[in-house]
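For the sequence shown, numbering that gives the first Met the number 0 assigns the number 0 to the initial residue and increments by one for each residue that follows.
A quick write-up on the structure given underneath.
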Amino acid sequence: MDNMVKTYVFGHKSPDSDSITSSLVMANLEKELGNSEVKAYRLGNVNKETEFILNYLDIEAPELLESVDDGADVILVDHNSPAESVDNLENANILKVVDHHKLALETSYPLFLRFEPVGCTETILCKLYEENGIEISKEIATLMLSAIISDTLLLKSPTTTDDDKKAVEKLSKIAGIDAEEYGLEMLKAGTDLSSFSIEEILSLDAKQIDFKEVKSIVNQVNTADICDVMVMKDDLEEGMNKIIQEENLDLFMLLITDIVNSNSQVIALGKNASLVEKAYGVKLEDNTVLLEGVVSRKKQVVPIMTENA
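Given below as structure tokens:
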């Protein structure tokens, strides 16, 4: 344990760009507000897209956090569900949560909570800087901007709100970045799967979600070309079936999301695979079908699958 650190800031396990950048930005905000002994951490490996952002800014990824001691002060960003958090969360002292997901946390004490139904945690953090009268530096603006582009797929995802759009406009000016051009390059960097094994691809952005009684994993992989990923279909299915057996799942949904055209090819396996057909009014052929316009797991998969389960 780091003796200097009194407050640990971190996002969720299997971190995405929002989780990593929000930890860095929140730690910076805390320092600006006078909490000097604060440090950003990550709970998993940095993905290719986040690597692109950190390389662009020439900054280090946050340190990997294995666990926290009982009674440690923590700040959660981009998550609040204990299942997605550090292992010892129930014994930690949660000071603050800044998040854009549904509330899944119960505590026996009051704390600072800031939840907003926006596309990205960084959109909320951008407001917190403004509300506290703290200037946003070029580096912080770039971190925030990158995450909003990532979470909203260049403001094209249905999770996008007016607040996200305003934040992108403001932050791209401060950062001196053409959001479209930079954003597409960043998103494409995140879709390079060449160095990953099948196991890694299937765990890159996997979320365990239960649709009522249907025990499921929904994994999302972004690509600039669906065909590039579909050439691995047989190997992916083999890997998915292995996970279905190991985790005793009813359904494994792999969403291969085309970030350029905003569609997702889905591969669905497991005894409840037909739930996909029912939910979307489609027919799976050879376990797969194109879901047109579906890009958001949070808005276009979880509610519709749950409703039909």
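From the three backbone atoms N, C-alpha and C, an ideal C-beta is built for every residue, glycine too.
message: Just to check my reading of the structure: Glu29 and Thr49 have Cβ atoms closer than 8 Å, yes? What is that Cβ distance to the nearest angstrom?
response: The sequence position of residue 29 within the sequence shown is 30, counting from 1. The sequence position of residue 49 within the sequence shown is 50, counting from 1. Incorrect: roughly 21 Å between the Cβ atoms, too far for contact.
- prompt: Can you give the Cα-Cα distance for Leu250 and Val213, rounded to whole angstroms?
  reply: Residue 250 sits at position 251 when you count from the first residue of the sequence shown. Residue 213 sits at position 214 when you count from the first residue of the sequence shown. Those two C-alpha atoms are separated by around 7 Å.
field: Spatial neighbours of Met0 in its chain, beta-carbon cut-off 7 Å, leaving aside the 5 residues before and after
entry: Taking the sequence shown and counting its residues from 1, the one referred to as residue 0 is at position 1. Low confidence applies here, because Met0 scores a pLDDT of 49, under 50, leaving its location unreliable; read the following figure in that light. Counting only Cβ-Cβ distances below 7 Å, and skipping sequence neighbours, we find Asp68.
- prompt: According to DSSP, is Ser171 helix, strand or coil?
  reply: The residue you call residue 171 lines up with position 172 of the sequence shown. Helix, per DSSP.
field: Straight-line Cα distance separating Glu284 from Ser263
entry: Numbered from 1 along the sequence shown, position 264 holds the residue referred to as residue 263. Numbered from 1 along the sequence shown, position 285 holds the residue referred to as residue 284. Approximately 15 Å, taken between the alpha carbons.
message: Below 8 Å on the Cβ atoms is my contact criterion, and I expect Leu104 with Asp72 to pass it. Report the Cβ-Cβ distance as a whole number of Å.
response: Counting from one through the sequence shown, the residue named residue 104 turns up at place 105. Counting from one through the sequence shown, the residue named residue 72 turns up at place 73. Contact annotation, Leu104 with Asp72: C-beta distance approximately 16 Å; criterion of less than 8 Å not satisfied.
Rounded separation between Ile303 and Cys119 - CA only: The residue you call residue 303 lines up with position 304 of the sequence shown. The residue you call residue 119 lines up with position 120 of the sequence shown. If you take the alpha carbons of Ile303 and Cys119, they lie about 21 Å apart.
query: Does DSSP put Lys5 in a helix, a strand or coil?
result: Counted from its first residue, the sequence shown places residue 5 at position 6. Coil at Lys5, not helix or strand.
field: Selection from Ser261, Met229, Val8 that minimises the alpha carbon distance to Ala91
entry: One-based indexing of the sequence shown puts residue 91 at position 92. For Ala91, the nearest C-alpha among the options comes from Val8.
field: DSSP-derived helix/strand/coil call for Met0
entry: Taking the sequence shown and counting its residues from 1, one reaches residue 0 at position 1. The predicted model places Met0 with a pLDDT of 49, which falls under 50 and marks its position as unreliable; any figure quoted below should be read in that light. Secondary structure at Met0: coil, using DSSP grouped into helix, strand and coil.
query: Do three or more CB pairs link the region 120 to 133 to the region 141 to 161 at distances below 8 Å?
result: Taking one beta carbon from each stretch, the region 120 to 133 and the region 141 to 161 have 3 or more pairs nearer than 8 Å; the two touch.
field: Per-residue burial, Asp163 [other beta carbons within 10 Å of its own, 16 or more giving buried]
entry: Here residue 163 is taken as the residue at index 164 of the sequence shown, counted from 1. Burial is judged here by how many other beta carbons sit within 10 angstroms of a residue's own beta carbon; Asp163 has at least 16 and is buried.
query: Bridge partners of Ser263, per DSSP?
result: What you label residue 263 is simply residue 264 of the sequence shown in a count that begins at 1. Looking at the DSSP assignment, Ser263 forms a beta bridge with Thr256, Leu290.
query: Which of helix, strand or coil does DSSP assign to Tyr128?
result: Counted from its first residue, the sequence shown places residue 128 at position 129. Residue state, collapsed to three classes: helix.
query: Expressed to the nearest angstrom, what Euclidean distance is found between the alpha-carbon atoms of Met239 and Val281?
result: On the sequence shown, residue 239 is found 240 positions in, with the first residue counted as 1. On the sequence shown, residue 281 is found 282 positions in, with the first residue counted as 1. The alpha-carbon atoms of Met239 and Val281 are separated by roughly 21 Å.
message: For Ala308 and Val217, I'd like the C-alpha separation in whole angstroms.
response: Locating residue 308 in the sequence shown gives position 309, where the first residue counts as 1. Locating residue 217 in the sequence shown gives position 218, where the first residue counts as 1. Roughly 15 Å separates the two Cα atoms.
task: For Tyr40, write down the residues that DSSP places opposite it in a beta bridge.
output: By 1-based counting over the sequence shown, the position of residue 40 is 41. Answer is Phe9, Glu62, bridged to Tyr40.
query: Do you know offhand how far Asp161's Cα is from Lys155's?
result: Indexing the sequence shown from 1 puts residue 161 at position 162. Indexing the sequence shown from 1 puts residue 155 at position 156. Their Cα atoms are separated by approximately 12 Å.
query: Asp320: which of Gln299, Lys137, Ala223 sits nearest, CA to CA?
result: Any property of residue 320 remains undetermined from this structure, which presents the chain solely from 0 to 308.
- prompt: Any idea what DSSP makes of Phe51, helix, strand or coil?
  reply: Along the sequence shown, read from residue 1 onward, the residue named residue 51 stands at position 52. If DSSP states are grouped into helix, strand and coil, Phe51 belongs with the helices.
- request: Give me the Cβ distance between Glu115 and His99, rounded to the nearest whole Å; I'm assuming they're in contact under 8 Å.
  value: Indexing the sequence shown from 1 puts residue 115 at position 116. Indexing the sequence shown from 1 puts residue 99 at position 100. Indeed they touch by this definition, with Cβ atoms about 6 Å apart.
query: Comparing alpha-carbon positions, which option in Ser136, Glu65, Lys165, Ile243 lies nearest Ala174?
result: In the sequence shown, counting from the first residue as 1, residue 174 sits at position 175. Measuring C-alpha to C-alpha distances from Ala174 to each of Ser136, Glu65, Lys165, Ile243 identifies Ser136 as the nearest.
query: Are the CB atoms of Thr256 and Val230 nearer to each other than 7 Å?
result: Translated into the one-based positions of the sequence shown, residue 256 becomes position 257. Translated into the one-based positions of the sequence shown, residue 230 becomes position 231. No, Cβ-Cβ distance for Thr256 and Val230 is not below 7 Å.
message: Using C-beta distances below 7 Å, list every residue in its chain close to Glu129, excluding the 5 sequence neighbours before and after it, in chain order.
response: Taking the sequence shown and counting its residues from 1, the one referred to as residue 129 is at position 130. Within the same chain, and ignoring the five residues on either side of Glu129 in sequence, no residue has its Cβ closer than 7 Å to its Cβ.
- prompt: At which residues does the beta strand (DSSP E) containing Ser75 begin and terminate?
  reply: To locate residue 75, count along the sequence shown from 1; it is residue 76. Per the sequence shown, residue 75 should be read as Leu rather than Ser. Leu75 -> beta strand (DSSP E) spans 72 to 76.
query: Is it true that the CB of Gly33 sits closer than 7 Å to the CB of Lys12?
result: Numbered from its first residue, the sequence shown carries residue 12 at position 13. Numbered from its first residue, the sequence shown carries residue 33 at position 34. Not a contact, by the Cβ cut-off of 7 Å.
message: Residues in the same chain with beta-carbon distance under 7 Å from Leu88, minus the five sequence neighbours each way, listed in chain order, please.
response: Here the question's residue 88 lines up with position 89 in the sequence shown. Excluding sequence neighbours, Leu88 sits near Pro81.
query: Taking all protein chains shown into account, do 16 or more other C-beta atoms lie within 10 angstroms of the C-beta of Asp15, making it buried, or fewer, making it exposed?
result: Counting from one through the sequence shown, the residue named residue 15 turns up at place 16. Residue environment: Asp15 is assigned as buried (16 or more neighbouring CB atoms within 10 Å of its CB, all protein chains considered).
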